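First the structure, in the form of structure tokens, and then the observations on it.
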Amino acid sequence: MLKPVAAIAALAMIAACGGSGADESTPPEVTAAPAATPAPVAASTPAPAPVAVAPGEPSPEFASLPAPYNAANYAIGKRTFKLCQSCHLTAEGAGNLVGPNLHGLFGREVGSLPGFAYSDALTNADFIWEPHHLDEWLTNPRAYLPGNRMSFAGVRKPADRDALIAYLMLETGYTSAEGDAPNE
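Numbering-wise, the sequence shown is residues -22 to -1, 1 to 162 according to mature numbering (1 follows the signal peptide of the UniProt record, and there is no 0).
Right under this line is the structure:
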């Protein structure tokens, strides 16, 4: 019984050291790997990336928006929205967070999104969300509509507010309506 174990151990040692008893001048046989099959390409094409523009320069994404939002910068609007995204979503059907979903905001009566528990200040307010109302709201929400629960100090720079509003118009399904122009 010891002889077969010793023979196996000896063969294992020879194999580990590279000695196989075969003619070592014979090159090893090379087998070709099977050809790789390319992965199928998705049928949908990705959305075009926003065009890079210098900070402060108008973005082509906003060209169809009413003034002053058509002169806003996409990158600034997207960056400014980061202040909002912990409380608000913009995708249709995405639900609510601490704040209501903003999809379809423009043209909607204030305090009327089904499934969101608004403060009395918002449910009792009487206006339709249009860009000029949002501009006033974003300047200082607590001063614009006292008694609301939005704990946000506001966006101080007018150019940042314009960019944020333009970004929201683009991201929330905005369609042009009367009353879009700011009050002058």
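All residues carry an ideal CB built from backbone N, CA and C; glycine is no exception.
What you are looking at is a predicted structure, and each value in this text was computed from that prediction instead of being measured.
Residue-level contact to chain B via CB, residue i, 8 Å cutoff
i, result
"D138", "The question asks about chain B, but that chain is absent: this structure has only one protein chain."
Cβ-based neighbour list, residue i, same chain, cut-off 7 Å, excluding 5 preceding and 5 following
i, result
"A69", "H81"
"L116", "G132, V133, R139 and L142"
"S97", "G125, N126 and R127"
"E87", "I106"
Strand pairing of residue i, partner residues [DSSP]
i, result
"I106", "E87"
Rounded Cβ spacing between residue i and residue j (contact assumed at less than 8 Å)
i, j, result
"F105", "T150", "Actually they do not touch by this definition, with Cβ atoms about 17 Å apart."
"residue 174", "Y47", "Nothing in the structure corresponds to residue 174, since the chain is present only between -22 and 162."
Neighbourhood of residue i by C-beta distance below 8 Å, restricted to the same chain and skipping five residues each side
i, result
"P119", "N126, M128, F130 and G132"
"A50", "P36, S37, F40, L43, A137, D140, A141, I143, A144 and Y145"
Alpha-carbon to alpha-carbon, residue j and residue i
i, j, result
"A121", "P92", "25 Å"
"V76", "L100", "15 Å"
"N102", "S90", "10 Å"
"L123", "K135", "20 Å"
"L67", "A45", "25 Å"
Spatial neighbours of residue i in its chain, beta-carbon cut-off 6 Å, leaving aside the 5 residues before and after
i, result
"P78", "L91 and F94"
"S154", "none"
"L112", "I143"
* To do: Would you check if the stretch 47 to 63 and the stretch 138 to 148 touch, i.e. whether three or more CB-CB distances between them fall below 8 Å?
  => Verdict: yes, contact present.
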